[in-house]
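Engineer: Mapping of the sequence shown onto the numbering used here: position 62 corresponds to residue 63, and the numbering continues sequentially without gaps. For glycine and all other residues, C-beta sits at the position ideal for the given N, C-alpha and C. Source: prediction; values computed, not measured.
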Amino acid sequence: MAALSARVAILVFIGSIVVAAPASRAQSPVGAEKCRACHVKSYDSWMKSRHARAHLVLPPNRRADTQCLRCHSPAETESAGLHVGVTCESCHGNGEWYSLRFIMRDKELARDLGLENVGEATCKRCHAATTVRGAKFSFIEWMKRIAHSDK
Ligand code: HEC
Ligand code: HEC
Ligand code: HEC
Ligand code: HEC
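1. Using 8 Å for Cβ pairs, my map puts Ala-148 next to Ser-29. What's the rounded Cβ distance?
2. Could you pull the DSSP bridge partners for Lys-137 from this structure?
3. Would you say Ala-129 touches ligand 4, meaning its beta carbon is less than 7 Å from a heavy atom?
4. Could you say if the segment 107-125 and the segment 57-76 meet the contact criterion of at least three C-beta pairs nearer than 8 Å?
5. Quick one: residues in its chain with C-beta nearer than 8 Å to the C-beta of Thr-132, no 5 flanking neighbours on either side, listed in chain order?
6. Indicate the three-state DSSP secondary structure (helix, strand or coil) for Pro-23 in the structure shown.
7. Going straight from the alpha carbon of Arg-146 to that of Ser-50, what length do you get?
8. In whole angstroms, give me the CA-to-CA distance for Glu-142 and Arg-134.
9. Below 7 Å, is the gap between the Cβ of Cys-39 and the nearest heavy atom of ligand 4?
10. Is Ile-104 close to ligand 3? I mean its beta-carbon at under 7 Å from any heavy atom of the ligand.
11. By the 10 Å Cβ neighbour count, where 16 or more other Cβ atoms means buried, how is Leu-114 classified, buried or exposed?
12. Rank Lys-152, Glu-109, Val-85, Phe-140 by C-alpha distance to the C-alpha of Lys-35 and give the top, closest one.
13. If we require 3 or more residues per run, which beta strand (DSSP E) segments fall completely within the segment 96-129?
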């Protein structure tokens, strides 16, 4: 009960910030470096994945094309000048609000504030059933290739 009322108080507090902001304003991405501050192991694994360089496979004349960036570097379509690839927030949701430590420790509160449940549907926003090279997308197999446990 105490935990619940604390959560309600925090939500009311954050709600007042959100209401004070312009109505159209969505959460901004904070960038992978910000997540790295508390998730070094996950960050290092991600850095070795193709996602961290997904913007670089685009031909130079397409690197500012939002048609391509929406899958190859989504944050760039929200914050001009960021060349970042498929980042933490492309899957976990923009972390402007949930990435504060006291919020991150509370799984429910973090989700209330934008941390997404990531699963196969998230991958399918960008991945087709068959790749351009003819390989089949398999959630279980492809998850192993991007494994980034923080432990
Ligand atoms: C100030 C430190 C801090 C920052 C910055 C931070 N996190 Fe966290 N994160 C934590 C803590 C603490 C936990 C809880 C760890 C635990 O319970 O084992 C956590 C948990 C998580 C989890 C697991 C949540 C769950 O319920 O399964 C994910 C996913 C996550 N963080 C992603 C991110 C992403 C993405 C970013 C950047 C947008 C980020 N974090 C930034 C501290 C942080
Ligand atoms: C391509 C999508 C994707 C990207 C990019 C991504 N993650 Fe994840 N992440 C997942 C999935 C899927 C899981 C496992 C499902 C779950 O536990 O919620 C996960 C799990 C986690 C966990 C919990 C792992 C644990 O050991 O309990 C943390 C923390 C995390 N991610 C942080 C990050 C950070 C930090 C980045 C960027 C440096 C990042 N993720 C990039 C999809 C992604
Ligand atoms: C925002 C778009 C986006 C999301 C969401 C996304 N990916 Fe990707 N992924 C890409 C792009 C773009 C590439 C190609 C990068 C390249 O060619 O270097 C890629 C490449 C990969 C690769 C490397 C493929 C190879 O040939 O080695 C794996 C593995 C992968 N993704 C797994 C996943 C999984 C699993 C998920 C869901 C948890 C996911 N991706 C979610 C955009 C995304
Ligand atoms: C709906 C999401 C999506 C969009 C939009 C998208 N891509 Fe991709 N792209 C991917 C994914 C996922 C991969 C890696 C796996 C695959 O081939 O399906 C990829 C792979 C690639 C590759 C590497 C192919 C290879 O040889 O392995 C190139 C180059 C590429 N995309 C260019 C582009 C260009 C240029 C645009 C814009 C005209 C674009 N993509 C738009 C999701 C997308």
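Structural biologist: The answer reads as follows:
1. Wrong, their Cβ atoms sit about 28 Å apart, outside the cutoff.
2. Answer is Thr-131, bridged to Lys-137.
3. Result yes, Cβ under 7 Å from ligand 4.
4. Flag = no, the segment 107-125 and the segment 57-76 do not touch.
5. Counting only Cβ-Cβ distances below 8 Å, and skipping sequence neighbours, we find Phe-138.
6. Because the pLDDT of Pro-23 is 43, which lies under 50, any placement of that residue in the model is unreliable, and the number read from its coordinates should be weighed accordingly. It is coil, neither helix nor strand.
7. A direct Cα-Cα distance of roughly 8 Å separates Arg-146 from Ser-50.
8. If I take the Cα positions, the gap works out to 17 Å.
9. For Cys-39, the distance from the CB to the nearest heavy atom of ligand 4 is not below 7 Å.
10. No, the Cβ of Ile-104 stays beyond 7 Å of every heavy atom of ligand 3.
11. Buried is the call here.
12. The candidate whose alpha carbon is nearest that of Lys-35 is Val-85.
13. Counting only runs of 3+ residues, no beta strand (DSSP E) is found wholly inside the segment 96-129.
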